[in-house]
Amino acid sequence: MSASEPLLRVEDLRVEFPTEDGIVHAVDGVSYEVQRARTLGIVGESGSGKTVSSLTTLGLTRTQGARISGRILFEGKDLVALSEAELRTIRGNEIAMIFQDPLSSLHPFFKVGAQLIEAVRVHQDVSKDVARRRAVELLGLVGIPDPSRRVDEYPHEFSGGMRQRAMIAMALSNEPKLLIADEPTTALDVTVQAQILALLERLQQELGMAIVMITHDLGVVAEMADDIAVMYAGRIIENASAETLFAGPEHPYTWGLLKSIPTLTGSRSQPLVPISGSPPSLINPPPGCHFHPRCPYSQPDHARIDPQLRPVSEASSEGASSHQVACLLEPSVRKRLWAELSEGKTPEQARVDVGLPAPPEALASAADPVGDVPEVGL
Amino acid sequence: MRALRTILLTALAAAAMMALAACGSSSSSSSSSSGTASSGSSGLPAGVKNPINESLTGGKRGGVLNDVQSEDFEHLDPGQAYFQLDYQITNSTQRALYSYKPNTFSQTTPDLAEGEPKLSDGNKLITINIRKGVHFSPPVNREVTAADVEYAIDRVANPNVANPYYLGYLEGVEGMKTSKGGQIPGVKATGKYTLQIKLTTPSAPIVVASMVLPYSAPVPKEYAAKFDAQKPSEYVNYQVASGPYMLKNNSAGKVLGIGYQPGKSATLVRNPNWKASTDFRPAYLNQINISIGGDANVIGRQVLEGSDMVQSDAPAAPIVKLAVQQHPSQLTISAGGGAGTRYIAINNSYGPFKNVNLRKALWAATDREDLDRLRGGKTVADVMTHFLWNGIAGFEESGGFTGPKVDYNEHPQGDMAVAEKYMKLAGYPSGKYTGSETLQVVGDSSAPANNVAEAVNSTLQKLGFKTKLNLVEHTVMYSKYCGVVSEKIDVCPNVGWIADFGDPQAVLDVPFNGNLIVQNGTNSNWGLVNHPKINAAMEAASKVVGVKARGEAWAKIDRELVAEAVAVPYQWAKEPYIESKDVEGINDYWNSGTFDYSFTSLK
Amino acid sequence: MTRYIIRRLLWGVVLLVLVLALLFVIFRILPTADPAKLRAGRLQSPKIIAEIRHDLGLDKSLPAQFWIYIKGIFLHFNLGYSYYSNAPVKELIFNRLPATLSLVLGGAIIWLFAGLSVGIISARRAGSKLDRASMGTALVLVSAPEYWLGLLMLFFFASDIGKIHVFPGAGSYVGLTAEPAKWFTSMVMPWLVVAAGTAAIYARLIRGSLIETMGEDYIRTARAKGLSERRVVLRHGLRSAINPIVTVLGVDIAVLLGSSVLVETVFDIPGIGRLNYVAITHSDFPIVQGTVLFAAMFVILANIIVDIAYAYLDPRVRYS
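Pasting the structure below:
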């Protein structure tokens, strides 16, 4: 049980943004760990807090008047408490981050090579020539053909996939121990997606780098992640190893995510089952369980009691004890519901089969419309 | 007043003028030369200088004078110059046959001429001897001869030179009317120093009187002819001098860009070939630097508070006020003489004002004191009551400051009762105009002239007239509307007159002689005044000889003009000029009071 | 790229000719004074005026006059002759150009420096008291009439009539080559007046542009690389935010070169602006045409330079 000390440990992180309409609780008490050379997938809709928590790791939410509490321990140092100058020595160096849209994330007026050289020279005291050679090397490393010519081109001269490769190359310039990838494939074609994911996997093996993969797409993490955390309304509502999560998800929201993905093996006539409703307001979240307005199985007191993230069961194997979920339903009920859904039943059917009363109408319609998701555009 | 300066100062000037007017009307005291009676007596504020009284000797030699003027010169070619700023230059660089000393407008002094002219052959022949030992400036250098004066007179008819008044005064010279600039038969240098002018009409007096103008200054033909052949003549940019000073030039004689930079500056230096023994001018200063342009208020304060400076054009109203209050010894006010007049031109030949009674009605109704207030008040204006003015022969004979005693002239504030009387006499029993014509009124758009135009417009409306008032830029007003026969403008409230020289003919002839009206062209007889009796009297008076006799003859004409109410006079201008405290400025009474470089010195 | 420049220049020439033609027509339509009469002076006989008109070529048809004028410009660089000042237009303009160039270029340097500094600082502290104070001051400076500002400066700081004797007063302009030190001190107040309003505009402009730019994704990337905030703002942020300034700067300078008359008058600087103004009031068309020609040339050139600068700054533009 005594695993090696995690590379990154987030403890009860809370990030609030004061706005004119009220305080946005973007991250509402989040804790997770990232092990060395392992991949953590953080999954959730927009507004779930997944991006904000990662940006906060690098201190990139500080400029927006965010109120941050909790600890983010990186190799024992609390990043929340570090000064801006100290954080800068870590950014792009020990922890690197890549973003969703490589066209807007690379400066359009500077050559790609120049941007890479800059990334190298901010942390390494080397000459421009040396840095340039490193840049060419990095471009080759990420699989860009003819890197010594490409290094003098502008971002708009690259294709979408190559741009993302270039971003990755830039992130790797100083051999980071942790790479945070925020929706790195969302803006790309499916085939290119697969290439990028394969690249990341290869780089992880070659460089022994930990990766945090943030996405809304379970398919992406299925391949790469060793562990997965599912976020909803600023909290982690389920946390497990990838195998465990796909084999036996425990949270109704996770079920919804899984069931709304078309599969190659399912029948064509089987309807996709989306999660009804829309993400909740982060200023005034629903009372009790934040998911209850959209949950097909919610019960009356779910509107009063706020579930905590707890281990699924005390007994059984090691893998099962690190599986946590925040749900008020009985574990056995949940198992039966998942069994029903796995057979292809709709949530309504599953609920009826298991014998649960219908969710209270009044509660369902009391769900707040989509609240303010702070535009964390740094 | 020129457009440039006044446009920029509109708001400030207008406001200050109201204050100035109030202030000016309360200061009385007099140090004038002729003031007797009540309103209109030319009283100057305490401590202010008067050009008539200035001392012409005893100045300190040396130094550089800085002259700032916000407007530019117009024509520096002596064959063309007629604007007061131009005269400042020509008066110190060009020696005309006869000139004025600074403190007079009636008595001329022989300048290039050696003595008085000899008139013979029934006033049809003029013989003049010129001085010996007068030399041109570099690069010509040689002695001036009568042939140079002959050429100077010849060239006035050259369209490349375009002298503006030669036909007005020199028409009687034999061959002048048909000349295109070549040799004029009537003008001949009969000896090295003798000039003879033959006339076809006995107009010698007016010809001689006009010789104070710079056109009579010598021009070297062998040097100037090539310039005069160009269209337009380039002589102005290469001119040489005969007077104590010259516009700085290079060895080729070029003045443009060196001694004169249009819109920017001019520099006068001593003429090395000038001899003081041949001239009545002392020429104390070594150099005069003229700077053109700038804000009039700023310039005024620089002059009043600085040193070695004068301002050559009239200062802004707030500056005049400041000078009156704080620097009176640095302020000169020139009343009469070369200062001019302002009057309302009324169309005597077309439209409703053909009727003399309507003209008298307008005269009676006009509040002349109000118009003077609008122009700056008592410091700069005296109420005008007839058409000759102080300093010109004939002024006293035709009534002095109060003028001819007719009822429409009696009340400078205007008198509606008298006006009504004349309206009735004109055939409008109600006392108001009931005709169908709409009067065309064209005025000057710049301040304060526009205010005067508005006031006159209201007076017309009070008399019942329908009017269409059009305010335009003043050169446009003069060249396109007022005085253009075909435009048939009824009233031009913003016209004025300055005499070219101090003879009463120069005051009354051009503006009021119907024989001089041209059908296709611009006239300075803005009211198209054309009364055969008056025309004939003018023809006769032009032939009278002798200052006193001419004064009497033209005073009679002046009274006739008043009797016919040919125009409504309102302002005898008094021109203010300022100098720094260490400048002993001498002002030319005959040139509206502006500074004379040949007599001014530094203290 | 060179073909692009040549094409723009040629088009610029066409534009110039069109502008001049328009001017020609305007002067004939407006109720202005007849130049021949102006030249002739006070008392004119129609005969004389007709002679002058003929000599000056004014009795030819409009297109003929225009053709002569255009030929003169392009073949001999002869800009015509001023009836009023009795001097070639070219000589007058070149005599006055250096003063205006001094005024405008000096002012431009100041307004760029001041405007950018204030704007960048305000952008970085958007919403703070400093930001509000500087933007408020900017508003006042933009609204203040130049002439009034000039008089105010003279009133306070002129060495001859001011309350404190700091800078030389009006009329003390000398050429740069003549007396460099005096040229500089005499231009300080005029430069400040010229720069005041525009610096304020540029400050607001760069502030808005920078605030917007700093919200871009690539700024976030730059920070994530560990760059200092200073480098992020000045190198990454400013580089993009400067675009609207570049667009505006060229035209501002060019336009000002033709319209600096107010500052030139109040400080008595013998420049093109005043030359043009006086020429207009005297209906001295050749000078007005000459100054407009120069002004149009400056604007066209400025636009071309701005386009080139733009292409240099933003590589994406080069390929359109």
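Protein chains in written order, with our numbering: chain D, 1138 to 1515; chain R, 57 to 659; chain C, 21 to 340.
Using N, Cα and C, we set each Cβ at its ideal position, and we do this for glycine too.
These figures come from a predicted structure and were not determined experimentally.
So that I know if they touch, is there some Cβ in chain C lying closer than 8 Å to that of residue i?
| i | result |
| --- | --- |
| Pro-504/R | no |
| Ser-88/R | Note on Ser-88/R: pLDDT 33, under 50, position unreliable in the model; the coordinate value appears next. It does not: the Cβ of Ser-88/R has no partner Cβ on chain C nearer than 8 Å. |
| Asp-546/R | no |
| Gly-349/R | yes |
| Pro-1484/D | no |
| Arg-357/R | yes |
| Met-1346/D | no |
| Gly-393/R | no |
| Arg-1204/D | no |
Determine, for residue i, whether the minimum Cβ-Cβ distance to residues of chain D falls below 8 Å.
| i | result |
| --- | --- |
| Glu-236/C | yes |
| Thr-267/C | no |
| Thr-233/C | no |
| Gly-147/C | no |
| Leu-121/C | no |
| Ala-244/C | yes |
| Leu-3/C | Outside the displayed range of chain C (21 to 340) lies residue 3/C, so it cannot be described from this structure. |
| Arg-250/C | no |
| Ser-260/C | yes |
| Thr-241/C | yes |
Taking 7 Å as the line, does the beta carbon of residue i fall inside it for any heavy atom of the ligand PLP?
| i | result |
| --- | --- |
| His-185/C | This structure does not include the ligand PLP; it has no bound ligands of any sort. |
Buried or exposed: residue i, going by 16 or more other Cβ atoms within 10 Å of its Cβ?
| i | result |
| --- | --- |
| Phe-336/R | exposed |
| Ser-1453/D | Since pLDDT at Ser-1453/D reaches only 47, below the 50 mark, its modelled position is unreliable, and no value is offered. |
| Ser-142/C | buried |
| Tyr-143/R | buried |
| Phe-1211/D | buried |
| Asp-1266/D | exposed |
| Lys-14/R | No answer is possible for residue 14/R: the residues shown for chain R start at 57 and end at 659. |
| Lys-630/R | buried |
| Ala-198/C | exposed |
What number of angstroms, rounded off, separates the C-alpha of residue i from the C-alpha of residue j?
| i | j | result |
| --- | --- | --- |
| Arg-1447/D | Thr-1156/D | 32 Å |
| Asp-1149/D | Ala-1203/D | 16 Å |
| Arg-1549/D | Arg-1208/D | Missing from the structure shown is residue 1549/D; chain D here goes from 1138 to 1515 and no further. |
| Ala-146/C | Arg-152/C | 8 Å |
| Ile-1179/D | Gly-32/C | 59 Å |
| Thr-397/R | Ala-437/R | 9 Å |
| Ile-108/R | Lys-157/R | 10 Å |
| Gly-456/R | Val-603/R | 17 Å |
| Thr-490/R | Phe-521/R | 7 Å |
Within 8 Å of any Cβ in chain R, is that where the Cβ of residue i sits?
| i | result |
| --- | --- |
| Arg-48/C | no |
| Leu-174/C | yes |
| Ile-69/C | yes |
| Asp-75/C | yes |
- Message: Quick test of the definition: if touching needs 3 or more C-beta pairs under 8 Å, does the region 1315–1331 of chain D touch the region 1347–1355 of chain D?
- Response: These segments touch.
- Near-chain C residues of the region 289–322 of chain R - C-beta to any C-beta below 7 Å: Within the region 289–322 of chain R, the qualifying residues are Val-292, Asn-293, Leu-312, Gly-313, Gln-317, Pro-318, Gly-319 and Lys-320.
- Message: Any C-beta of chain D within less than 8 Å: which residues of the region 308–337 of chain C qualify?
- Response: Under the 8 Å Cβ criterion, the region 308–337 of chain C contributes Leu-333, Asp-334, Pro-335 and Arg-336.
- Count the C-beta pairs between the region 1267–1281 of chain D and the region 1294–1306 of chain D that are closer than 8 Å, then say yes if the count reaches three, no if not. Counting C-beta pairs with one atom in each stretch, the region 1267–1281 of chain D and the region 1294–1306 of chain D have three or more that are closer than 8 Å, which means they touch.
- Message: Counting beta carbon pairs with one atom in the region 405–425 of chain R and one in the region 474–489 of chain R, are three or more of them shorter than 8 Å?
- Response: Yes, since at least three Cβ pairs between the region 474–489 of chain R and the region 405–425 of chain R fall closer than 8 Å, the two stretches touch.
- Query: Taking three-plus beta-carbon pairs below 8 Å as touching, is the region 287–297 of chain C in contact with the region 245–260 of chain C?
  - Reply: Flag = no, the region 287–297 of chain C and the region 245–260 of chain C do not touch.
- Between the region 209–229 of chain R and chain C, which residues of the former have a C-beta closer than 8 Å to a C-beta of the latter? Answer in chain order: Pro-215, Asn-216, Ala-218, Asn-219, Pro-220, Tyr-221, Leu-223 and Gly-224.
- Item | Interface residues of the region 1247–1261 of chain D facing chain C [CB-CB below 9 Å] | Against chain C - using a Cβ distance shorter than 9 Å - the residues of the region 1247–1261 of chain D are Phe-1247, Lys-1248, Gln-1252, Glu-1255, Ala-1256, Val-1259 and His-1260.
- Chain-ordered residues of the region 98–111 of chain C with a beta carbon less than 7 Å from chain R: Cβ contacts with chain R come from Ser-105, Asn-106, Ala-107 and Glu-111.
- Message: Which residues of the region 278–306 of chain C have a Cβ closer than 7 Å to any Cβ of chain R? Give them in chain order.
- Response: Within the region 278–306 of chain C, the residues whose Cβ lies closer than 7 Å to some Cβ of chain R are Thr-285, Val-286, Asp-288, Pro-290, Arg-294, Leu-295, Val-298, Thr-301, His-302 and Ser-303, listed in chain order.
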